[in-house]
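Protein sequence lines correspond, in order, to chains A and B. Quick note on numbering: the first sequence equals residues 34 to 611 in this note's numbering. Quick note on numbering: the second sequence equals residues 34 to 611 in this note's numbering. These notes concern the structure reproduced below.
Number of protein chains: 2
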Amino acid sequence: MHYLRQYLPILDWGHRYDRNTFSNDLIAAVIVTIMLIPQSLAYALLAGLPPEAGIYASIAPIVLYAIFGTSRALAVGPVAVVSLLTASAVGQVAETGTAGYAIAALTLAFLSGGFLVLLGILRLGFLANFLSHPVIAGFITASGILIAVSQLPHILGINADGHTLPQMLRSFFGNLDQINLITVIIGVSTTAFLFWVRKNLKPVLKRMGLSLLMADVLTKAGPVAAVVATTVTVWIFGLADKGVKIVGEVPQSLPPLTLPGVSPELVGSLLVPAILISIIGFVESISVAQTLAAKKRQQIDPNQELIGLGAANLGAAFTGGFPVTGGFSRSVVNFDSGSETPAAGIYTAIGLAIAALFLTPLVYFLPKATLAATIIVAVLSLVDLSILRKTWGYNRDDFLAVLATILLTLTMGVEVGVASGVTISILLHLYKTSRPHVAEVGLVPNSQHFRNIHRHKVETDPSVLSLRVDESLYFINSRFLQDLIQARVSEGSEIKNVVLMFSAVNEVDYSALESLEAVNQRLKDFDVGLHLSEVKGPVMDRLKKSHLIHELNGKVFLSQFDAWRELSSHSQNRDISK
Amino acid sequence: MHYLRQYLPILDWGHRYDRNTFSNDLIAAVIVTIMLIPQSLAYALLAGLPPEAGIYASIAPIVLYAIFGTSRALAVGPVAVVSLLTASAVGQVAETGTAGYAIAALTLAFLSGGFLVLLGILRLGFLANFLSHPVIAGFITASGILIAVSQLPHILGINADGHTLPQMLRSFFGNLDQINLITVIIGVSTTAFLFWVRKNLKPVLKRMGLSLLMADVLTKAGPVAAVVATTVTVWIFGLADKGVKIVGEVPQSLPPLTLPGVSPELVGSLLVPAILISIIGFVESISVAQTLAAKKRQQIDPNQELIGLGAANLGAAFTGGFPVTGGFSRSVVNFDSGSETPAAGIYTAIGLAIAALFLTPLVYFLPKATLAATIIVAVLSLVDLSILRKTWGYNRDDFLAVLATILLTLTMGVEVGVASGVTISILLHLYKTSRPHVAEVGLVPNSQHFRNIHRHKVETDPSVLSLRVDESLYFINSRFLQDLIQARVSEGSEIKNVVLMFSAVNEVDYSALESLEAVNQRLKDFDVGLHLSEVKGPVMDRLKKSHLIHELNGKVFLSQFDAWRELSSHSQNRDISK
Numbered sequence: 034m035h036y037l038r039q040y041l042p043i044l045d046w047g048h049r050y051d052r053n054t055f056s057n058d059l060i061a062a063v064i065v066t067i068m069l070i071p072q073s074l075a076y077a078l079l080a081g082l083p084p085e086a087g088i089y090a091s092i093a094p095i096v097l098y099a100i101f102g103t104s105r106a107l108a109v110g111p112v113a114v115v116s117l118l119t120a121s122a123v124g125q126v127a128e129t130g131t132a133g134y135a136i137a138a139l140t141l142a143f144l145s146g147g148f149l150v151l152l153g154i155l156r157l158g159f160l161a162n163f164l165s166h167p168v169i170a171g172f173i174t175a176s177g178i179l180i181a182v183s184q185l186p187h188i189l190g191i192n193a194d195g196h197t198l199p200q201m202l203r204s205f206f207g208n209l210d211q212i213n214l215i216t217v218i219i220g221v222s223t224t225a226f227l228f229w230v231r232k233n234l235k236p237v238l239k240r241m242g243l244s245l246l247m248a249d250v251l252t253k254a255g256p257v258a259a260v261v262a263t264t265v266t267v268w269i270f271g272l273a274d275k276g277v278k279i280v281g282e283v284p285q286s287l288p289p290l291t292l293p294g295v296s297p298e299l300v301g302s303l304l305v306p307a308i309l310i311s312i313i314g315f316v317e318s319i320s321v322a323q324t325l326a327a328k329k330r331q332q333i334d335p336n337q338e339l340i341g342l343g344a345a346n347l348g349a350a351f352t353g354g355f356p357v358t359g360g361f362s363r364s365v366v367n368f369d370s371g372s373e374t375p376a377a378g379i380y381t382a383i384g385l386a387i388a389a390l391f392l393t394p395l396v397y398f399l400p401k402a403t404l405a406a407t408i409i410v411a412v413l414s415l416v417d418l419s420i421l422r423k424t425w426g427y428n429r430d431d432f433l434a435v436l437a438t439i440l441l442t443l444t445m446g447v448e449v450g451v452a453s454g455v456t457i458s459i460l461l462h463l464y465k466t467s468r469p470h471v472a473e474v475g476l477v478p479n480s481q482h483f484r485n486i487h488r489h490k491v492e493t494d495p496s497v498l499s500l501r502v503d504e505s506l507y508f509i510n511s512r513f514l515q516d517l518i519q520a521r522v523s524e525g526s527e528i529k530n531v532v533l534m535f536s537a538v539n540e541v542d543y544s545a546l547e548s549l550e551a552v553n554q555r556l557k558d559f560d561v562g563l564h565l566s567e568v569k570g571p572v573m574d575r576l577k578k579s580h581l582i583h584e585l586n587g588k589v590f591l592s593q594f595d596a597w598r599e600l601s602s603h604s605q606n607r608d609i610s611k
Numbered sequence: 034m035h036y037l038r039q040y041l042p043i044l045d046w047g048h049r050y051d052r053n054t055f056s057n058d059l060i061a062a063v064i065v066t067i068m069l070i071p072q073s074l075a076y077a078l079l080a081g082l083p084p085e086a087g088i089y090a091s092i093a094p095i096v097l098y099a100i101f102g103t104s105r106a107l108a109v110g111p112v113a114v115v116s117l118l119t120a121s122a123v124g125q126v127a128e129t130g131t132a133g134y135a136i137a138a139l140t141l142a143f144l145s146g147g148f149l150v151l152l153g154i155l156r157l158g159f160l161a162n163f164l165s166h167p168v169i170a171g172f173i174t175a176s177g178i179l180i181a182v183s184q185l186p187h188i189l190g191i192n193a194d195g196h197t198l199p200q201m202l203r204s205f206f207g208n209l210d211q212i213n214l215i216t217v218i219i220g221v222s223t224t225a226f227l228f229w230v231r232k233n234l235k236p237v238l239k240r241m242g243l244s245l246l247m248a249d250v251l252t253k254a255g256p257v258a259a260v261v262a263t264t265v266t267v268w269i270f271g272l273a274d275k276g277v278k279i280v281g282e283v284p285q286s287l288p289p290l291t292l293p294g295v296s297p298e299l300v301g302s303l304l305v306p307a308i309l310i311s312i313i314g315f316v317e318s319i320s321v322a323q324t325l326a327a328k329k330r331q332q333i334d335p336n337q338e339l340i341g342l343g344a345a346n347l348g349a350a351f352t353g354g355f356p357v358t359g360g361f362s363r364s365v366v367n368f369d370s371g372s373e374t375p376a377a378g379i380y381t382a383i384g385l386a387i388a389a390l391f392l393t394p395l396v397y398f399l400p401k402a403t404l405a406a407t408i409i410v411a412v413l414s415l416v417d418l419s420i421l422r423k424t425w426g427y428n429r430d431d432f433l434a435v436l437a438t439i440l441l442t443l444t445m446g447v448e449v450g451v452a453s454g455v456t457i458s459i460l461l462h463l464y465k466t467s468r469p470h471v472a473e474v475g476l477v478p479n480s481q482h483f484r485n486i487h488r489h490k491v492e493t494d495p496s497v498l499s500l501r502v503d504e505s506l507y508f509i510n511s512r513f514l515q516d517l518i519q520a521r522v523s524e525g526s527e528i529k530n531v532v533l534m535f536s537a538v539n540e541v542d543y544s545a546l547e548s549l550e551a552v553n554q555r556l557k558d559f560d561v562g563l564h565l566s567e568v569k570g571p572v573m574d575r576l577k578k579s580h581l582i583h584e585l586n587g588k589v590f591l592s593q594f595d596a597w598r599e600l601s602s603h604s605q606n607r608d609i610s611k
């Protein structure tokens, strides 16, 4: 039973469900449903799919996440960045608008779902840590810019495509002659309205005496108002005949049963993008889930989250959707509207299913420019270039990783961008550890504490070279220490003993062991002692299994002070502990 | 001038060259030349190229290395592992024996040379450190096995191919009916003879009163004796007509001027193998060069070595060769025969050029089985499975990396093998650092030293939680510490202060900084102090630029003992420094 509960969190809250919880969940579901309709249509457009795919992608996934996920507030469905990644990946294997395109999107969701479930079962959630905060921030910012630019043509009523900024801009300026004035008026005014709602409506409503929750909900309903107003306008004035592009016919149907493609060719070309989408989606989702859980002191299990998101994506793959993940704005609305359990998600799914069955004729005259405006306003809040300034001030390596991620995402596409960001941050880290900081240390007067001779006023002894090695010793830096000690010892002929202070050495791998053995041999030839101090438990456990400790041309001291007391000729006079 | 000398080490020793050095270099050159003739033919065979390519690949490269390289003893030319890598890479783009195959080999040398020079100019020699000792050992061992197995068919006189052990064995057993008895007799007896020479000749010769050097040279000349004996046998008894495969016609010519291919397709498919060959060749070469230089207390400059090896490979590309590097056996012979400067290499090149011009008709009847025997005996000395036992006893991660390298090299080919070895060792290292060891520490009685409460008898205070973080804090483990501290503090309600002992923290990157800020905020909410101790200079320099230090809900102490003295209620009673 405990085992089952681990994989089915629904068993945990399901049997405590009562009328009060039900009504709270239901209210939240109604609010979220209304907000999700335009959002789902918009993200389907962004992913290059027909509008109904966005609604379908919000139904089965939301239910499956409610069963398998651990967050009580997370709302799963299409989100901006994942939709962009979908468009980029699927655009490489099929033409927009073809049946092959839709099947490729299903396949992508299927592969991504399978990969997430696999990671969850293997409990490999920690892999998400490979994306550093700055790389994520840079990637999200660059994606926000790409998405906003990709929607500009819809605002102007022109055709344009491309997956990188240069491609998009070239296509945009090349087609500028197709501009449609009525579309521009609708697009620009909707965008301006939505920006105004986002920035100014909430304070206005609060001043009017509305409750915080109510003000919040009305603010979030801005896109719904824009959808209604522009749809009605287009319908009344017959603007569709004047060149305004509209959503058009959307089938009235529950999510269809669909099958992802299984041809090895298709799977092969979508596998890497699917892995990328999985990891980015997971990182985005888990950070939202953890933020919301912390507010109610609830726990999120990252590995179970993988299974929940994986199930959601598998669900999307079989019901006409495309890759999904936990979205920030929908989850926050869900949380703020008072949802208490994942059941709220199930009610939302029911609401969307009703919309899919009965309300789709109402969006026939919805202009695409309106959807584009809602996307632009939503994603521009993702753009935050301050990460560049923050990392520049703190750490040039992080800055480089962010800058590379942003520039490569914009110019080479999302996949190259994020992959480069991860690779660069790992390589910079390895490079840093390949040239460890090694400080010569001396005794801080009136203490037993040793610090860098160049930074602190300390006591030293020319016959004892005390080196604090500020890095774990492993293959990438094993030669470095060997060369450094040899250089130091051949310089200083007075040196009789070398003490390596291992307080910062958290690992000595086999390559480093061989290097230390070589150092030991070399120092033996020079008739210089080699000692270790402050070797940590786990490192010592391992060293005891090696030849090094038995053949060491010196001793292992518990503390650097013990080593100093025994080896330094100066220390006798002022040994404070005796 | 200094700048020129850095890039042209020849200027360093050239003007001090005298008659004595000349005669020593000349003697060494004669010995090396004789040894190199069969070796060059054999490695060309291994690389799938006509025999003369092996000699050409030893001429221009040796001269160019003499000009640009920094080792005084290193002998550059075809070596076993690089020849195997060449066969594997070129075999994927062309058929053995075709003109395309030879051009692909030139292209591979060209790309590899260019890459090495580039690395050298960018001073990126440290990249070779990405290959850990165990991965190199595993790779060399597996390559030795692959090479030996690849030569078995020649010993039996059958045809067989393949680049992985399963392919080779399948092909071998499939063609076993082609076996040629005379070839088997030549092959097996030559192999046995060479093994005997290698194992037993030196002691015999020494007992006969020969000098160590002479005994050594004669032992190394074993392959030459085998070549002469089997060639004469085949010629006298007309065995070539009885199915013994011979080397046949080798053109009498100086190295021709050749051009590598430049088609983007060819370059594209050889680029990755070329990078791999460069790095493996460089690692092999530099370890030989460093071993020999240490014996004479000479210095090797890794970045200049890259340029030297790169020039050698570019030379090979334009003179009918294939990828080369510094070889172990040829360099040792060169060193042992008393060569003093790289001029010895130039004389060797002249010797080989004479051989290429006048002696090639003499190897017409040389059986391929003899060459195969010399290869087998040479490479079996590379096979050393003891690295498996050694790493198993010391460190399971290193063991895993070796095992994977060996198994994948044997079953999936050399490129997959070594790439996986590198990837696995990096991932295992990152994984290890992703879950850092964090020790709760207490005061070792009668000292100012703090150690793990679970390993040492120490004094503690329930109101102070002192955690020694045994890893640099960076993106891969930043969440880990955050979760750990939160869990510890919510467990122990007595805790009033948390001290993070940063003695082993060598880096705090931006992701980790954000995590620490979150920890600080959380502890502030719980009304628990957060303190740091023993923060190293470079880490503190950086933290001072952040908000963390200014908003820290506590202090930064020079030493853990200072923190203890101020925060612990127990410490007042027995403060030893007052």
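Ideal placement from N, C-alpha and C gives every residue a C-beta, glycine not left out. Please read these numbers as outputs of a predicted model, since none were measured by experiment.
C-alpha distance - residue i paired with residue j, whole-angstrom precision
{"i": "B/G195", "j": "B/S204", "result": "7 Å"}
{"i": "B/A596", "j": "B/V589", "result": "8 Å"}
{"i": "A/Y427", "j": "B/A545", "result": "12 Å"}
{"i": "B/V260", "j": "A/G301", "result": "51 Å"}
{"i": "A/I269", "j": "A/N213", "result": "19 Å"}
{"i": "B/L155", "j": "A/F508", "result": "22 Å"}
{"i": "B/V221", "j": "B/T358", "result": "30 Å"}
{"i": "A/N233", "j": "B/D574", "result": "42 Å"}
Cut-off 6 Å between Cβ atoms - residues of its own chain near residue i, not counting five sequence neighbours on either side
{"i": "B/F594", "result": "Q481"}
{"i": "A/A344", "result": "L97 and F101"}
Nearest candidate by alpha-carbon position, reference residue i, set the options
{"i": "A/P356", "options": "A/S364, A/S362 and A/L347", "result": "A/L347"}
{"i": "A/Q323", "options": "B/R512, B/I379 and B/N479", "result": "B/R512"}
{"i": "B/S624", "options": "B/V502, B/S414, B/V552 and B/S526", "result": "Look at the range of chain B in this structure, 34 to 611, and you will see that residue 624 of chain B is not part of it."}
{"i": "A/S370", "options": "A/G130, A/S244 and A/A135", "result": "A/S244"}
{"i": "A/S496", "options": "A/A135, A/D560 and A/N485", "result": "A/D560"}
{"i": "B/V237", "options": "B/L227, B/T252 and B/F226", "result": "B/T252"}
{"i": "B/A80", "options": "B/K569, B/Q125 and B/I95", "result": "B/Q125"}
Residues near residue i in its chain [Cβ-Cβ closer than 8 Å; skip 5 each side]
{"i": "B/E547", "result": "S511"}
Where residue i sits in the DSSP three-state scheme
{"i": "B/V29", "result": "The structure shown does not extend to residue 29 of chain B, since chain B is modelled only from 34 through 611, so no value can be given for it."}
{"i": "A/N53", "result": "helix"}
{"i": "A/S104", "result": "coil"}
Beta carbon proximity, residue i to chain C, threshold 8 Å
{"i": "A/G359", "result": "This model lacks chain C altogether, as its protein chains are A and B."}
Residues of its chain near residue i, where Cβ-Cβ distance is below 7 Å and the 5 sequence neighbours each way are ignored
{"i": "B/M201", "result": "V182, S183, A193 and G195"}
{"i": "B/H580", "result": "E550"}
Segments assigned beta strand (DSSP E), at least 3 residues, entirely inside the segment 438-513 of chain A: 470-476, 483-485 and 497-503
Ranges of the alpha helix (DSSP H) found wholly within the segment 57-96 of chain B, counting only runs of at least 4: none
Every unbroken alpha helix (DSSP H) inside the segment 381-440 of chain B [4 residues or more]: 401-413 and 419-427
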